[in-house]
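With our numbering, you'll find the sequence shown wraps up at 484, consecutive numbering, no jumps. Just so you know, even glycine gets a beta-carbon here, dropped at the ideal spot from N, CA and C. Computed from a predicted structure; not experimentally measured.
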Amino acid sequence: MSGSPGAAGGDHLARTKEAELFTRLSRGNLVTTWRWYLGVGVAGAVLLWGAVIFLYMALKGMGVTGYNKPVFWGLYEASLVFWIGLSHSGTLISAILRLTHATWRAPVLRGAEAMTAFTLMVGGLIPILHLGRNWRVYYALPYPSSRELWPNMRSPLMWDAMAITTYLLGSLTFLYVGMVPDLALLRDKSSGWRRRFYSALSLGFRGTHAQWRRYHVASTLFAILIIPIAVSVHSIVSWDFAMAKTPGWHSTIFAPYFVVGAIFSGIAGVVIVMAILRKAFRLQDVLTPLHFDNLGKLLCTMTLLWGYFYFTEFLTVWYNRNPEEWEVFASYGGHYLPLFLTMVICNFVIPFPMLCLRRVRRSVSLILVPACSIVIGMYAERLLIVIPSLARRNDPFIWANYFPTWVEFSVMAGAAAMFVLLYMLFAKFFPIMAISDIKERLFHTTDRAIGGATVEAIAQVEGEGEARG
């Protein structure tokens, strides 16, 4: 009975539970702490330093970097592959979890999708760093020109520009569509300029049945479309190398190998970001050990898959013994031995045995060890892909070794700081958790007959409220 005291009490309890959940999940949007100002200040200072050094490099020329004949691709290009790989963390994983209706996905979605957008922004700027005349980057853009000067579509830089731009626009749209219901919630709970800000972004969303139906259709449609885009982007990045005849690059396995590596590093990045968000916003009751356990299982699977791809590539070169390609792999045991050992140890030796243990996967502090190890190992792998193949080309008399200078390290530190700064600003002004999805899955309500009255029962979904651990 709708008018019974039990029903009224159940409705009040449901509203109380929802209000408590909203308060916990939106704390970062409505309350600003000194830690946030400190983090923004440090990230902004490092970004400013990187920007100043970039201007110094633009004025002095690429001679201030470690680039020299025959190695004209180095830290910047390896960082491009690394950042674009990290971008596969969010949108691709989020889309797959949405389409498979994984019940544990809700707390992971928003943070992972935001990570995709900002890593793409950072990665998209790196090709500009590589240009000798950065101020003429507009020549690479297909804008209407009366001089009929068009970009060289055979250039890998053009492939990267089109692929990254398409993926970035798709990821931002995917992220925004998923935020609309939460922006409407923030609109209703805010006042002043915040209310006007969230009102404009929520597009008049009121939570009607028709609006929810359109929202779910749009989310599913974007999830379907974004998967082939994500796979194609890192395939195109791999073709920057595979389409060349340089020993060590010219391989048909590069596209799937790059995609696997991207997902591998991306999941590790998601684990790290989720652990930081859990601690910073006190989300222990939302991001539970169950979520890290499931992410750990995905990470363990990708560890084996990455190891299989790398072993297959190495076995083919070893058995064929092509002198040019073998010389590249032989350098892994010489000048590039530290990088090679870092890659193998950090990508397989450390993470695989640890991720096989359930106790490690369900401990937030312990699972950070293999996750951080994988991020380090994948960066070392990107360096190994780019540098040795150029340092050991067909002509032995031009062989040389490459080492980045302080200029390159400073610029890349600024790029990393840019990602941190963008993420912190996003977490401040936008809901970092998918509040509406979490609310839908965390609390279920139903009518129950008790005695002669009908009351509303509220149940917490099993597994979502597990012990913090």
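Report the rounded CA-to-CA distance for residue i versus residue j, giving the unit in angstroms.
i	j	result
Met448	Gly100	23 Å
Ser380	Leu53	23 Å
Ser6	Ile282	Nothing can be reported for residue 6, as the shown portion of the chain is limited to 16 through 484.
Asp433	Arg397	The sequence given here places Met at residue 433; Asp does not occur at that position. For Met433 and Arg397, the distance between alpha carbons rounds to 20 Å.
Ser247	Ala178	8 Å
Ile239	Leu107	10 Å
His306	Arg120	8 Å
Ser217	Ile244	26 Å
Asp255	Asp452	39 Å
Ile488	Leu383	Lying outside 16 to 484, the shown extent of the chain, residue 488 is not represented and no answer is given.
Ile450	Phe363	36 Å
Ala117	Trp227	19 Å
Thr327	Phe87	28 Å
Arg408	Tyr153	32 Å
Pro419	Tyr213	45 Å
Glu342	Thr331	14 Å
Val96	Ser378	30 Å
Arg211	Ala199	11 Å
Ala127	Leu292	11 Å
Ala129	Ala290	15 Å
Leu372	Phe296	27 Å
Asp308	Arg374	9 Å
Gly276	His249	10 Å
Tyr438	Gly219	26 Å
Glu339	Lys260	11 Å
Phe14	Asp300	Here the chain has residues from 16 to 484 only, and residue 14 is not among them.
Val67	Leu436	17 Å
Gly56	Lys294	20 Å
Trp333	Val390	27 Å
Once you ignore the five residues that flank residue i on each side, which residues in its own chain have a CB closer than 6 Å to its CB?
i	result
Ser388	Cys361, Ile365 and Pro366
Ser15	In this structure the chain extends from 16 to 484, so residue 15 is not present and cannot be described.
Glu423	Thr80 and Leu90
His27	Reliability fails at His27, whose pLDDT of 49 lies under 50, so the model's placement of it is uncertain and the value that follows must be treated cautiously. So no residue of the chain qualifies.
Leu140	none
Ile251	Trp174 and Ala178
Gly222	none
Leu201	Tyr213
Leaving out five residues on either side along the sequence, give the residues of the same chain with a beta carbon under 7 Å from the beta carbon of residue i.
i	result
Leu370	Gly311, Leu314, Cys315, Thr318, Arg376 and Pro385
Val61	Ala428, Gly429 and Ala432
Leu144	Phe69, Tyr91 and Val426
Tyr82	Gly89
Ser205	Tyr213
Going by C-alpha to C-alpha distance, which of the options sits closest to residue i?
i	options	result
Val195	Tyr230, Ala415 and Met427	Tyr230
Thr180	Asn167, Gly207 and Met136	Met136
Met427	Val359, Ala58 and Ser205	Ala58
Ile111	Val86, Phe189 and Thr47	Phe189
Leu74	Trp150, Trp88, Trp49 and Leu140	Trp150
Trp98	Leu183, Leu124, Tyr82 and Gly56	Leu183
Ile278	Gly105, Met289 and Pro142	Gly105
Phe237	Glu340, Asp203, Gly185 and Asp308	Gly185
Pro262	Leu292, Val192, Ser102 and Phe344	Phe344
Leu172	Met77, Tyr334 and Leu146	Leu146
Gly193	Ser234, Thr115, Ser170 and Gly207	Ser234
Gly392	Trp414, Phe445 and Ser280	Ser280
Lys84	Ala442, Val435, Lys443 and Asn416	Asn416
Gly138	Gly207, Gly78, Ala176 and Met77	Ala176
Based on the DSSP secondary-structure assignment, which residues constitute the bridge partners of residue i?
i	result
Val86	Asn83
By the DSSP assignment, the alpha helix (DSSP H) with residue i in it spans what residues?
i	result
Gly219	Where Gly219 is concerned, there is no enclosing alpha helix (DSSP H), given that its DSSP letter is neither H nor E.
Gln299	Here Gln299 belongs to no alpha helix (DSSP H), and DSSP marks it neither H nor E.
Arg397	Val379 to Ala406
Arg527	This structure cannot speak to residue 527, because the chain is shown only from 16 to 484.
Tyr230	His224 to Ala257
Tyr272	Phe269 to Ala295
Gly56	Trp49 to Lys75
Arg374	Arg373 to Arg376
Thr115	No alpha helix (DSSP H) contains Thr115, which DSSP labels as neither H nor E.
Phe418	Where Phe418 is concerned, there is no enclosing alpha helix (DSSP H), given that its DSSP letter is neither H nor E.
Leu356	Leu352 to Val359
Pro366	Pro366 to Leu370
Phe133	Ala121 to His145
Val343	Pro338 to Ala345
Got a sec? Which residues, its chain only, sit under 8 Å from residue i by beta carbon, not counting five neighbours each side?
i	result
Leu187	Ala132
Ala257	Trp264, His265, Ser266, Thr267, Phe269 and Ala270
Leu399	Tyr347, Tyr351, Leu354, Phe355 and Met358
Ala93	Tyr394, Arg397, Leu398, Ile400, Val401 and Ile402
Please tell me whether residue i has its Cβ less than 8 Å away from any Cβ of chain D.
i	result
Leu216	No chain D appears in this structure, which consists of one protein chain only.
For residue i, is the beta carbon positioned less than 7 Å from some heavy atom of the ligand FMN?
i	result
Leu440	This structure lacks the ligand FMN; in fact it carries no ligand of any kind.
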